[in-house]
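Enquirer: Once you've had a glance at the structure underneath, I'll fire off some questions.
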Amino acid sequence: MNAAEKVQAYLDQQQSLDTLRFITCGSVDDGKSTLIGRMLWESQQLFEDQVAALRNESKRYGTQGDNIDYALLVDGLSAEREQGITIDVAYRYFQTDARKFIVADTPGHEQYTRNMVTGASTAHLAVLLIDARKGVLTQTRRHAFLTQLVGIRHLVLAVNKMDLVDFKQEVYDQIVADFAEYAKALSIEAVQAIPLSAIGGDNLRERSKNTPWYHGPTLMGYLETVDVLGQVGELVPEQFAMPIQWVNRPNLDFRGFAGLVASGLASPGMPIEVAGKNTQSTVSKIVQFEGDWAQARAGDSITLTLADEVDVSRGDVLCHPALGLKAADQFCVSLVWMDPEQGLPAKNYLIQLHTQQLGCSITKIKHKVNVNTLAHEAAEHLETNDIAEVNIHLDRKAVALPFAENKQLGSFILVDRYSNRTVGAGVIHFALKRNEMIHATQAGVSIEDRAKLHGHKGHTVWFVGPADSNKTELAAKFELMLHHERISTMLITGSKVRSDLSMDLGFKDSDKAEHVRRMVSLAKLLMEAGCVAVAATVTKPDLVDVPEFIVLEVSASSENVDDLLYSLLVQLKKAIQIAP
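In this note's numbering, the protein residues as written are 29 to 608.
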C-alpha cells in the first residue's frame, strides 16, 4: 500500500467512526473539569504550544502545586480560573481509534443548574462524578434526576478522588450502594460505576494498580464501546416526522421545505401529510447541495419538495400519515424553572416548541419534586431550580409528541415575553384532551356588525398604578369623557371584579396574576361586544403587542391630568374609528 492509499484508508476509517456526545456532571469540586482535561491529555491530541501554555497557566492559576492542572484545559473564562470553578458549559472535541467524542463540561454549582440542563439536552450519556470523600450529595441527586428528565439513558457513576481515601474499596462500595438505591427509585437501568483518580489517571485509560479489587472497564474503554444508537428509535418510513425550519423559495420554479428529521426515514414517492391540517401529498425529491438523496433518516438536515402545492409554513410538521400526529393546545409537562423571578400560574410566557413559537401559560402546578427523596410536594409557584409537573395551555394548537417517543417534538423552552430570558425548560408527557362537548360557538352577529351598530370598534384602556395613585379616579373620569363623546363604555375595576368573578381569590402572587387574567378576559368580551373597556389595577396586565389594548402607567405624582386624558382620548378615537 503506497502513501496515497494509506492516507485514503485513514480518511475512510475516520469517516466511519460514530460520535458519542456525553457530559460530565455532579456537585461542585467533584473534579469534572480535571477529568476532561486528563482525557484530552491522554488522547495525545494537544499541540506543543497548548502543552507549554498549560504548564505556564498551571503555575499562575493552578490548584495542584507544581503539577499540571488539567482543569485549565477546559475552564476558559477568567472568572472560572480565578475562582477555580466551572460557570459556563464548555464543549471539547477529541477522538480515539474507536470513536469520536463531544464532551460538555457542565457546572456543579446550584446557581448554574440551567447551564447543566443546556449541556445535557443533546447528550447520549452522562458521567456523574462523586467526590469519594463526600459521597452522594443533593446536587448529585439533582443532576442524576435531570439527566433522566432530558432522556439520557446511559449513566457512568464515576467515584473520583479515590487517591484521597487511599483507594479503599469499602468507601467505593458504600457510595455505589447509596446511589443504587436512588437510581432504583428513578428507574435508572444502565449505570456503570467506576473508581477514578482523575488527577492521577487511575482507571481512566489503563487499569490502575491501586484498585486490584475492581474488575470492571476503564472509563475510556467503556465510552469507546457503549451502544447508544438504540436511543434513536426505529428507522422506518411510518415513523417519519420533520418540523419545518424554513420554506426555501429562491425562484418561481422551486419550493422546498427545510428541517431536521426528528424520526423515521423519508424517500421519494413516500406519502406525506401536514400534521393537524389534513393535507396530504407525496415526497418528490430530497434535495441536498451535492445532489438529490435516495433516502434521509433521523438526524439528517434536508430539504424536501412535494408533488403538490400545499400550504406549509415554518412550525408545521411533515409526517407519514401512519404516524397519526394530532394538534393540541393543553399538555402535561415536567418543567425545570431557571429564572430568579417566580414561575406563576396564569402568567403569559412564550413557548419554543421545536420550530414553532407560541403564547403559553401555566394553568396548574400539580407538584414539585424533592430531588433528595423524590417525594411530591405541593406548590403555588416555582423558584429557581425547582423541578415540577405542571399543566400548560397554548394560545393555539400545536403538534407535539411525548418526549419518551420523540425528543425533538417533545421538548421545549419557556421564554419571558418582555425580557426574552429563557425562564424554563421542559419535556412533554401527554396532551390533555378537552371535553369534546365544549367548543367555540360561532356568533350570529359579527364584530364588524357590532361596530357599525355602536359607530365605533371595541377597545380597552388600562390604567396601572400603585395603591396610592389615583388610577381608579382617572379611569372613572375617562369613562365619563367617553360617555359624553357617545362612545359605548364600561368601567372595570379590581375591587368590582374581586367582589364577584374573583371572590374565590386571595392576594398571593399567583392569585393576583389569575385575578388580572380574568379581568383581561372580561375586557376582551366587552371589546367583542363593541364596547370600550376601561380598567384600573395595581398589577400590569400581561400583554405584549396587543393593538386593541392601551396600557397607561400612572403614579401618585402624575401631573397635567386633563392634558393626559385628552391626548388619550384623541389616541383612542383614532384607534376605534370605522373605515368609510
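Backbone N, C-alpha and C define an ideal beta-carbon position, used for all residues, glycine too.
#1: Skipping 5 residues on each side, what residues in its chain have a beta carbon closer than 7 Å to that of M509?
#2: Taking the alpha carbon of V560 as the reference point, which residue from N588, W365 and A603 has its own alpha carbon closest?
#3: Would DSSP call W241 helix, strand or coil?
#4: Under DSSP, the beta strand (DSSP E) around K392 begins and ends at which residues?
#5: Helix, strand or coil, according to DSSP, for M270 in the structure here?
#6: Quick check: the Cα distance between M26 and R233, rounded to an integer number of angstroms?
#7: By Cβ distance below 6 Å, which residues in the same chain neighbour I441 in space, the five residues on each side in sequence not counted?
#8: Check whether the Cβ atoms of C388 and H348 lie closer than 8 Å to each other.
#9: Can you have a look at D590 and say buried or exposed, based on whether 16 or more other CB atoms are within 10 angstroms of its CB?
#10: Give a yes or no on whether the C-beta atoms belonging to A428 and I390 are separated by under 8 Å.
#11: Among the residues of its own chain, which have a CB less than 7 Å from the CB of K313, if the five just before and after it don't count?
#12: Tell me, which residues are paired with V311 by DSSP?
#13: Could you check what DSSP says for H457 in three-state terms: helix, strand or coil?
#14: Taking DSSP as the reference, what is the three-state secondary structure of E476?
#15: For Q605 and M518, what's the separation of their Cα atoms in angstroms?
#16: Measure the beta-carbon distance from V364 to V145 and round it to whole angstroms, keeping in mind my assumption that it falls under 8 Å.
#17: How long is the line joining the alpha carbons of T383 and R181, rounded to whole angstroms?
#18: Helix, strand or coil: how does DSSP classify D46 here?
#19: For P299, which residues does DSSP report across the bridge?
#20: Please go through the same chain and pick out, in chain order, the residues whose beta-carbon is closer than 6 Å to the beta-carbon of Q220, but skip the five residues on each side of it.
#21: How is the alpha helix (DSSP H) around K60 delimited, first residue to last?
#22: Taking DSSP as the reference, what is the three-state secondary structure of E513?
#23: DSSP state of M555, grouped into three classes?
#24: Quick one: is Q436 buried, meaning 16 or more other Cβ sit within 10 Å of its Cβ, or exposed?
#25: Where do the ends of the beta strand (DSSP E) carrying G249 lie?
#26: Straight-line CA distance for G483 to R546?
#27: Measure the beta-carbon distance from K392 to P373 and round it to whole angstroms, keeping in mind my assumption that it falls under 8 Å.
#28: Which residues in the same chain as M465 place their Cβ atom closer than 6 Å to its Cβ, once the five residues preceding and following it in sequence are excluded?
#29: Against chain D, does K461 count as a neighbour if the rule is that its beta carbon must be under 8 Å from one of theirs?
#30: Does the segment 193-203 come close enough to the segment 53-67 that 3 or more CB-CB pairs lie under 8 Å?
#31: Can you grab the Cα-Cα spacing for the pair E318 / A324, in whole Å?
#32: Give me whichever residues DSSP pairs with E581 in a beta bridge.
#33: With distance defined between alpha-carbon atoms, name the residue in F535, N434, E369 and S71 nearest to A126.
#34: Within 10 angstroms of its Cβ, does A154 collect 16 or more other Cβ (buried), or is it exposed?
#35: Since V582 and F506 are thought to touch, with beta carbons under 8 Å apart, how far apart are those beta carbons, to the nearest angstrom?
#36: Could you please give me the residues that DSSP links to E405 through a beta bridge?
Expert: With the structure as the only source:
#1: L593 and L597
#2: When only C-alpha atoms are compared, the closest one is A603.
#3: Coil, per DSSP.
#4: Run containing K392: Q384 to V397, per the beta strand (DSSP E) assignment.
#5: strand
#6: Given that the chain is displayed from residue 29 to residue 608, the structure contains no residue 26 and the question cannot be resolved.
#7: Q380, T450 and A453
#8: no
#9: exposed
#10: no
#11: Listed in chain order, the non-local C-beta contacts of K313 below 7 Å within the same chain comprise P296, D320 and T333, local neighbours out to five positions each way being set aside.
#12: L334
#13: Of the three classes helix, strand and coil, the one that applies to H457 here is strand, per DSSP.
#14: helix
#15: 18 Å
#16: 6 Å
#17: In a straight line, the C-alpha of T383 is about 25 Å away from that of R181.
#18: DSSP, reduced to helix, strand and coil, places D46 outside both helices and strands of the structure shown, so it counts as coil.
#19: T310
#20: V184 and Y250
#21: Where K60 is concerned, the enclosing alpha helix (DSSP H) stretches over K60 to E70.
#22: coil
#23: helix
#24: buried
#25: No beta strand (DSSP E) holds G249; the alpha helix (DSSP H) holding it covers L247 to T253.
#26: 27 Å
#27: Correct: roughly 6 Å between the Cβ atoms.
#28: For M465, the predicted model reports a pLDDT of 44, less than 50, meaning its position is unreliable; a value from the coordinates is still stated below. Closer than 6 Å at Cβ, skipping near neighbours: no residue.
#29: The question asks about chain D, but that chain is absent: this structure has only one protein chain.
#30: No: fewer than three Cβ pairs fall under 8 Å.
#31: The straight-line gap from Cα to Cα measures roughly 14 Å.
#32: Beta-bridge annotation (DSSP): E581 is paired with V492.
#33: S71
#34: buried
#35: Contact flag wrong, Cβ pair sits at about 11 Å.
#36: K396
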